[in-house]
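Numbering (this note's numbering), first residue to last: 3 to 338. Even glycine gets a Cβ: it sits at the ideal position worked out from N, Cα and C. In what follows, a structure is listed as structure tokens, so that the remarks can point back to it.
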Amino acid sequence: GATAGVLFKNAEAIEILRSVDTLVVDKTGTLTVGKPKLVTVKPLTELSENEILSLAAALERGSEHPLAAAILAGAEERGIDAHSASEFQSVTGKGVVGSVNGRKVGLGNRALLESLGAAESNADVAEALRAEGQTVMYLAVDGKLAGLLGVADPIKETTPEAIRALHDEGLSLVMLTGDSKTTALAVAKRLGIDDVIAEVLPEQKADAIKKLQAQGKKVAMAGDGINDAPALAQAEVGIAMGTGTDVAMESADITLVKGDLRGIVRARRLSRATIRNIRQNLFWAFVYNAAGVPVAAGILYPFFGILLSPMIAAAAMSFSSVSVIANALRLRMARI
Ligand code: ADP
Ligand code: MG
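Pasting the structure below:
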């Protein structure tokens, strides 16, 4: 059922969620606003800023990556008409390639740049942008590096509080991303995330989870992309964002309806309150029966002449059930 914006696919997930000590999160989607914004367009050859952006946007029209949305929005904001691309191809975990006006164009990370036969230059410029937390993409045109694009993800107002609440829950936070180490470290530092696993290809994400588990960690993984599905399945608890893809939700045990990680904190608190409530109910039911049944059986009769009329005994028995239910209903008012 749905509780505090949290959808559980199976009851065991509630129990397992309580034992988790490590929460692995994707860089985008979760903790940040999840709406990355284009902040840098840097030509490295004779091509103008507008031309660079127009070529990049032409490729990204065919991509569903959050980075693509940022570039398309950036182009629109600047009133730039995107060229149109043919022979479009999306290279998972690396970028996009295609043909624009007879030129072979690619946009993506260093691995993509190199696969197009282009060499990196001005590496210090890219690295400085990464140190600010920007995701840097290289634009290659006909086998040459033509420019850099930088996208940044603003931090949600509620994030510091969410991180604090997760830490208070005793969870250690790990960022898992295909982005560069420098960018990931910069973002992690700003957010207060404990650890970073960066430059991971999509198919290696499940292995990264396995490695944490081999270190004895109980891992919950939160993700929203199609690529995250194997890692969600590998984790003790897979957590999908309701705002993400259907595939992620299908492979997850839990869905955070509003994509808000604080849902995990609420789910754990509710789970603890539920177990506490069950213990209270068992305790009182036991005490009640331990006292009531012997009285009903006449244990007090020889000494005090007290007998329980069957009618009162039946009423008392029902009252016992009512009190258990009433106690359970208090959970509705639990502050979580
Ligand atoms: P994550 O989901 O962890 O953010 P991905 O595996 O999706 O990372 O991508 C890794 C890197 O590949 C990105 O940081 C980016 O540099 C590049 N990349 C992937 N998809 C695209 C795209 N559509 N356009 C530009 N670059 C991309
Ligand atoms: Mg992703």
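Item, Value
"Local Cβ density within 10 Å of Gln136, reported as buried at 16 or more and exposed below that", "buried"
"Assumed close pair Ala147, Leu115 - CB separation to whole angstroms, cut-off 8 Å", "The amino acid occupying residue 147 in the given sequence is Leu; Ala does not appear at that position. At roughly 6 Å, the Cβ-Cβ gap stays under 8 Å, so Leu147 and Leu115 are in contact."
"Stretch-stretch touch, CB-based, cutoff 8 Å, three pairs: the region 268–282 with the region 326–335", "yes"
"7 Å Cβ shell around Gln236 - same chain, five flanking residues per side excluded", "Ala208, Ile211, Lys212"
"Three-state secondary structure (DSSP) of Asp155", "coil"
"Sheet register partners of Val107 (DSSP bridge)", "Gly100, Val143"
"Sequence ranges, beta strand (DSSP E) only - wholly within the region 252–293, length at least 3", "256–258"
"Any non-hydrogen atom of the ligand ADP closer than 6 Å to Gly145 Cβ", "no"
"Alpha helix (DSSP H) runs wholly inside the region 198–237, at least 4 long, in chain order", "207–216, 231–236"
"Element boundaries [beta strand (DSSP E), containing Gly240]", "239–243"
"Proximal residues to Lys106 (C-beta, below 6 Å), its chain only, five neighbours per side dropped", "Asp144"
"For Thr185 and Arg132, believed in contact at Cβ under 8 Å, the rounded distance", "4 Å"
"Assigned secondary structure, Val326 (DSSP; H/G/I helix, E/B strand, else coil)", "helix"
"Inter-stretch contact at 8 Å, needing at least 3 Cβ pairs: the region 50–60 / the region 302–319", "no"
"Three-pair Cβ contact test at 8 Å for the region 58–72 versus the region 91–110", "yes"
"For Ser65, three-class secondary structure by DSSP", "coil"
"Candidates Gly218, Leu175, Ala216, Ala317: closest to Val198 by CA position", "Leu175"
"Reference Glu201; option with closest CA among Lys260, Val326, Gly149, Lys96", "Lys96"
"Cβ neighbour criterion (16 or more within 10 Å) applied to Tyr140", "buried"
"Residue environment, Ser273, which counts as buried when at least 16 other CB atoms sit within 10 Å", "buried"
"DSSP-derived helix/strand/coil call for Ser311", "coil"
"Contact under 7 Å by Cβ, Gly240 with Met223", "yes"
"Proximity test, Ala204 beta-carbon vs the ligand ADP heavy atom, cut-off 6 Å", "Note that residue 204 corresponds to Pro in the displayed sequence, not to Ala. Correct: Pro204 has its Cβ closer than 6 Å to the ligand ADP."
"Per-residue burial, Glu238 [other beta carbons within 10 Å of its own, 16 or more giving buried]", "buried"
"Gly3 - DSSP class collapsed to helix/strand/coil", "Residue placement at Gly3 is flagged as unreliable, the pLDDT there being 42, under the threshold of 50; a coordinate-derived value is accordingly withheld."
"Member of Glu163, Leu109, Thr160, Ser117 whose CA lies at the smallest distance from the CA of Val138", "Leu109"
"Whole-angstrom C-beta distance between Ala287 and Ala298, which should lie under 8 Å", "At roughly 15 Å, the Cβ-Cβ gap does not stay under 8 Å, so Ala298 and Ala287 are not in contact."
"Local Cβ density within 10 Å of Asp226, reported as buried at 16 or more and exposed below that", "buried"
"Residues that DSSP places opposite Lys39 in a beta bridge", "Ala154"
"Closer than 6 Å: Val99 CB and nearest the ligand ADP heavy atom", "no"
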